Every structure is written in structure tokens, then in C-alpha cells.
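Number of protein chains: 2
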Amino acid sequence: MSLRSTAMPAPELRVEVLRGGTVESFHRGSVAVMDADGAVRWQAGDIHRPIFPRSAVKLLQALPLVASGAADAFGLSDEQLALACASHGGEPAHVAAAADVLAKCGLDTLTLECGAHWPGHDAAARALARQQQEPTALHNNCSGKHAGFVCLGACLAQAGGHDPRGFLSGYVQAQHPVMREVSAALARCTDSPLADAPVGTDGCSIPTYALPLRALALGFARAGTGVGLSPTDAHAAHRLRQAVARHPFMVAGSGRFDSRVMEHFGERVFCKVGAEGVYCAALPELGLGVALKMDDGNTARAAEVLMAALLQAWVQRDEADAQLLQTLAEPVLRNWNGTEVGRLRLAPGTRFN
Amino acid sequence: MSLRSTAMPAPELRVEVLRGGTVESFHRGSVAVMDADGAVRWQAGDIHRPIFPRSAVKLLQALPLVASGAADAFGLSDEQLALACASHGGEPAHVAAAADVLAKCGLDTLTLECGAHWPGHDAAARALARQQQEPTALHNNCSGKHAGFVCLGACLAQAGGHDPRGFLSGYVQAQHPVMREVSAALARCTDSPLADAPVGTDGCSIPTYALPLRALALGFARAGTGVGLSPTDAHAAHRLRQAVARHPFMVAGSGRFDSRVMEHFGERVFCKVGAEGVYCAALPELGLGVALKMDDGNTARAAEVLMAALLQAWVQRDEADAQLLQTLAEPVLRNWNGTEVGRLRLAPGTRFN
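Top line first, the protein sequences correspond to chains A and B. Going by this note's numbering, the first sequence opens with residue 1, and the numbers climb by one from there. Going by this note's numbering, the second sequence opens with residue 1001, and the numbers climb by one from there.
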């Protein structure tokens, strides 16, 4: 299937940072909203420039874990499937779930090749320091995804009669059988031959391929509907989305955007943040996929606000939806004394239709 | 003196974030370079839009501390004068110096109205947590500036025969005598009547006034040369710059841009970062002031890179200068395994003359 484009490119969107009543800073972003047949249903900015999706495509990267049968072979729980799609805060429940995936595969933390960093969740990081501990690869925000890769690798090793530890060594490399499975899933969902895509190394050491927003949005329209996917992939995508909807804490953590949105919307919305101002979402009830990128790479206060505004425009139905999305679309900024000093908002006058 | 503007506005500058060989994100910024007579010597982007200078003007805000005689009356050291101009990382030496300023004035931490936050220096924050401690207002990156305000207030209270604690209550408010002195210094250095300026509340609860980059750059050209300032202000500015040049660690901290630059350049460069992608600098040997703002408010990887590139273009003289500035102008980005994944740089083809 080839991607069809609408005739008129729309101007980029702006997220404003207000201090008092004055715009102090602003962020520019582009958005593609696609259906699963490859039609652009809405767009803003540049949806053709290849951008690195980073962690926003973890759902697509986790498809082989389920589709291969590895998740069932090793008895992964729904929490652990949700964690495979996560950029988590390194809170104790995240760390324990990742460790348990490895244990179920007969492996341990030493297998992980994502590197260690302090938990993104501040209180979890401080608690670790207070306990005189140092972070391990389990605290890496990608440890659930990597535990999923290890589980997939353990399954492939078993099938080939290999020792799993030896087989898994270097699993983050593009040509390793694990990463080839992962990249192939991304390629077929997005209709993108990755051989031609610009490639970089992600924060967790796996390759990241730059794809246009319209291709990423197509991938999420397909993952949300199953349309255009093989029955195996469609089933895997549905099972992963269900797992995240049931355990939204596992995909991000306390107070985090993705967890809050999916706690509220359940299977009506699957959304996933990526580093450098990227967001992808599936809106199954509308049959649409969404992908956005902020030019400057700002995630926490720009990509999130834009995603919340898109959900207001496209998904919001009732007062409860409106209440949650308003707090996410126009967050109040406070200083160290708790005084309100400003807020974030989409630039006034932005129209979604 | 009125500000003269050159005829042709120049396009904004771009700082690029590369992953592999691909531009992943980019930041747009504006720059004004002025002399002390009010002539624009170089510009890029919009130098007329009012922007909040935030912490970038701490040098100007500290002038009354010295000019009033308060710093001498209470025996502040050069380290402590440098700290009055600082956005420090809350490392132990910063915290101790701020506490000592208060003690010299017969006051304590309770006088500070900046609010508490965890040290910006990660290792210092973790050390605090390991010691089972919580941060106080002394750890606030602005505690040195606020200790300076308190010292100024204690001096004013003494002169007026007031109890210093009572007198200082509410010193962060715009109409308090302390803040009026501080704002008046900013206004006269920048030739800007603040009554007309958009006002917001800063992170540390004092008012912040939005001024055009050209006015801010003029203020720093004056602070670097003394031209256009009263003899008292000129002397105070020189003494503060000297103090920072002698104790650059106090103005920022371990590994920080401002400390590294001033450790190397001494009095040849005074530079000071502000929140939301602002930088101001005085280049006394050239008689110039610099002010820049990134549209998106990114400081650490955009404003710093742009400031380093400006120093390369305007200040760099020898191999040692070049070596330091190259590491600051094109920092390497590494992932959690220490692998080089990209770098920052000013967009190729940018010209400064």
C-alpha cells in the first residue's frame, strides 16, 4: 500500500509557555493523523521529513514478543507485556516486573544491554540513594522493552538449540536475529523499507530508524485496528494494547501522562511518548493513528500538551474526559514556593478541522 | 541614551541536535551584540521582542549589594559576591557560603524567601538523600542572590533603625524597598523604564521584567566597561566581575558552562545563564555586551552551544581558547552505555560577520 497525501500542507502548530500573561517561550510541532488505509486525515507542519520515533514505537517493537509465541512460552503476565511497551520511571514495581521477566527466561540483569541510569521518577531515585544503592539496568526506562527482547531471544535460542546467554550477546545490534525481528515488525507496520531510512543509535543502544510522521501514524492506525496487518500481528497488537489498558501504571508510572490517559480511557486510546518530543497514538474507535514531533525535541511540556489537545479535539466525549484532558492540555506552572507563575497551552486559534 | 538599531534584521540562528549524521531536533534563537553607546554591532533573529531575562541578569541585580555599601558593611568575601551572581548547583561549598552570608548579617535560612528545591548538581542531590536529609532554601540555585538581597535589606534596615527580620519580610515583592533597589539597577543599566515592561514571577518568587535583547545586551556592555554607568555602579560591576573571575566555581559549579568558561577566560568574559534559554555576557576587552534567547526556552543544549559559538567568533584568540570552546560548542552526546550517539552544533553556514 502506498501512502496518499492531501494536497495542502498545513502550518506547524505552536505550544506556548506563558509566564504571567506573556508568552515566554514556544515550541513548534508537526502532526500526522492517518487511517489504516493510508489516507492522511489531518496534518500540520512537515509530515514527510524522516524523524527518529525513539521510544514512541515500543508497541510495534514488542509485536514479535507476542507474535512469536515467546511471551506465552515463558508465561509473561499482562503487567509484563505492558512493561515491554514502556518507558517507565524505574519505580519498584517496574523494576520487579522486569527482573521477573528475566527470571522466567532463566536469565538475569547481566543479560540486559540497555545500560544503567537513575530512575526517572524522582522519588524512586532518591529512595534508592537513601538506601545507599546504585541503579542497575533494571532501572533503565527501557528495561521492560529489553526484557521483552531477551524473552524473544531466549525463545529463538531454544528453537535453534543455542545456549541463550551466548545467543543473546549483542542482541542490540541491527544484524542480531532479535533486532532483525523487531525492525521487521516496525517496517511492515509502517510500510517502510528500513534499508533506506536514516539510522541512529537510541539511548538504550538499539538502532532507531527515521521515518516520516505519516508512516508512523499509519503504523499506529494499523496497530489500533488490525487493518493491513497479518492476523498474527493484529492479534499481538490487540493483546499488547489490552495489557497496557489493564495495567497503565506499567507503561510509564506515577503521575505520568501515558499512565493517566490510559487509566482513564482504557482501550479507547493507546498513546506512547518518545524522547525528543515524539508521540504516537492509536485511536481504535476512530480507526486512526497519530504521530507528532516537536522541532526542538521537547517532550514533557510540548509534545504532551499537543497530544492532550489532539485528544480533546478527536476523542473527548464527556465531562470526565474533558476534565482530565484540560489539566493535561493547559498545565499550570508553579515556582519553588508553589506560586502559580504561568501555564502551557496550544496557541490560541489553532483549529483541528 | 536611545538604542540605535541596524537597518537589516538578520535571520534567527539554529542549533542542531544530531543523531548519527541526521538532524534529529533543532532550536531557534535570537542574539543581540551591542556596544556601551547603544549601537547594535551584530544581531540575529528578533532583538526587539521583550523576553524575560530570568537569572541571566543576576550581575545587574547584585549591583546595589555592593553600591550601597552593604557588602562591605557585613564583610562579604569575594566568594560570597560571586555567589550573589550565581545560579549554583547546590554543592556543599555553595550552601555553606550562602549560610555564612546570612550569619554575617545576624540572620538565618528562615529569612530566605526563594523556596527550597533539590540541588541541581545530581551528585550533590544524591549525597543529600544518602545522608537522609531534605533540601532547604540554601540549596535553591538562587540562594546566593537571595542572601545578597537579605544583606542589602539588613543594611537598609540598619540605616532606617528597623528590626531586620521584620523589615525583610516580603522582600521578594516588587514594592519592597529591597526589590525596588534591585529593579532600579536593572532599569538604569538597560535604559528601560520597567513600568512599561511585561512582568512575571520568577522561579525564586521575585518579579522578572521582560526586556528586548538589545536592551539586555546594552546593560552588559555597560557592566563590562563602566561606560554609561555612574562611577558607583561602574565600580560595583567591576568588583562583582572580578569576584566571579576569581571564584568561578561559585557562580555555577562542577562541570558547568559558566564556571568552565570563566575559569579559563577570567575577566575577559563574564557570562551568565538564565532559565528558558537565555544567556547574557559582557566582553570587556571588546567593549561589547551579548544577550541571546532560544525561542523554545532550551538552555542546557541550545543557549550554551550558541554562546560558545559566539565566543568562538568574537573572543577566541589562541589554541587553548579554541580547545575549550570547541568542546562547549560541539558537545558529544552519549547514551547510557557511554556510546557516542550524536552531537550538538550551530547549523553549518552560520556567519558572524
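Ideal placement from N, C-alpha and C gives every residue a C-beta, glycine not left out. Predicted, not measured: the structure shown is a model, and the values here were computed from it.
Taking 8 Å as the upper bound for CB-CB distance, GLY253/A and HIS94/A are in contact here, some 7 Å apart.
Not flagged as an interface residue toward chain B: GLU91/A, since no C-beta distance is shorter than 9 Å. Excluding the 5 residues flanking it on each side, VAL1305/B has same chain C-beta neighbours closer than 8 Å at VAL1015, LEU1328, ALA1329, GLU1330, PRO1331, LEU1344, ARG1345 and LEU1346, in chain order. Just measuring C-alpha positions, the residue of LEU65/A, GLY219/A and GLY144/A sitting nearest ARG180/A is LEU65/A. GLY1106/B sits exposed, since fewer than 16 C-beta atoms from the chains shown fall within 10 Å of its C-beta. The bridge partners DSSP lists for GLN1043/B are ALA1032/B. Straight through space, the alpha carbons of GLU319/A and CYS85/A are spaced by roughly 29 Å. Cβ atoms of LEU288/A and ALA245/A stay farther apart than 8 Å, at about 17 Å. For LEU1292/B, the secondary structure class from DSSP, reduced to helix, strand or coil, is strand. Straight through space, the alpha carbons of LEU310/A and ALA10/A are spaced by roughly 15 Å.
In the three-state scheme derived from DSSP, where H, G and I count as helix and E and B as strand, VAL261/A is classed as helix. Distance between ASP1037/B and GLN1132/B, taken at the CA atoms: about 54 Å. Assignment of PRO92/A by DSSP, reduced to helix, strand and coil, places it in the helix class.
Counting C-beta pairs closer than 8 Å gives fewer than three between the region 1174 to 1190 of chain B and the region 1099 to 1117 of chain B, which falls short of the contact rule.
Not one beta carbon of chain A lies nearer than 9 Å to the beta carbon of ILE1047/B. Under the three-state reduction of DSSP output, PRO50/A falls in the strand class. Take the alpha-carbon of ARG1041/B and the one of PRO1050/B: they are about 19 Å apart. The beta-carbon distance between TYR1279/B and MET1262/B, rounded to whole angstroms, is 13 Å. This is too long to meet the 8 Å contact definition. A contact is defined here as three or more CB-CB pairs under 8 Å, and the region 1073 to 1088 of chain B meets this definition with respect to the region 1132 to 1149 of chain B. Taken in chain order, the complete alpha helix (DSSP H) segments of 4 or more residues contained in the region 306 to 343 of chain A are 319 to 329. Selection ALA44/A, PHE26/A and GLN175/A evaluated against ALA217/A yields ALA44/A as nearest (Cα-Cα).
Chain A has no Cβ within less than 9 Å of the Cβ of CYS1280/B.
Its chain contains ALA84, CYS85, GLY148 and LEU240 as the residues whose beta carbon lies nearer than 6 Å to that of ALA62/A, once the 5 sequence neighbours on both sides are disregarded; these appear in chain order. Inter-segment contact for the region 167 to 187 of chain A and the region 198 to 214 of chain A is present: three or more beta-carbon pairs are separated by less than 8 Å. DSSP places PHE1249/B outside any beta strand (DSSP E), giving it a letter other than H or E. Among the bridge pairs identified by DSSP, TYR209/A is matched with VAL199/A. Annotation for GLY148/A: the continuous alpha helix (DSSP H) segment containing it runs 143 to 160.
When secondary structure is reduced to three states using DSSP, VAL178/A falls in the helix class. ALA1184/B is the residue among PHE1265/B, ALA1184/B, GLY1266/B and HIS1264/B whose C-alpha sits nearest the C-alpha of SER1230/B.
Scanning GLU1285/B, ARG1214/B, PHE1352/B and PRO1284/B for the CA closest to the CA of PRO1053/B turns up ARG1214/B. In the structure shown, the three-state DSSP call for PHE1352/B is coil. Between ARG1260/B and GLU1285/B, the gap from beta carbon to beta carbon reaches 9 Å or more. For SER25/A, at least one C-beta of chain B is nearer than 9 Å to its own C-beta. In this structure, the beta-carbon distance from VAL1057/B to GLY1228/B does not fall below 9 Å. One Cα belongs to VAL182/A, the other to CYS142/A, and the distance between them is close to 15 Å. Here the C-alpha atom of ARG165/A lies approximately 28 Å from the C-alpha atom of THR232/A.
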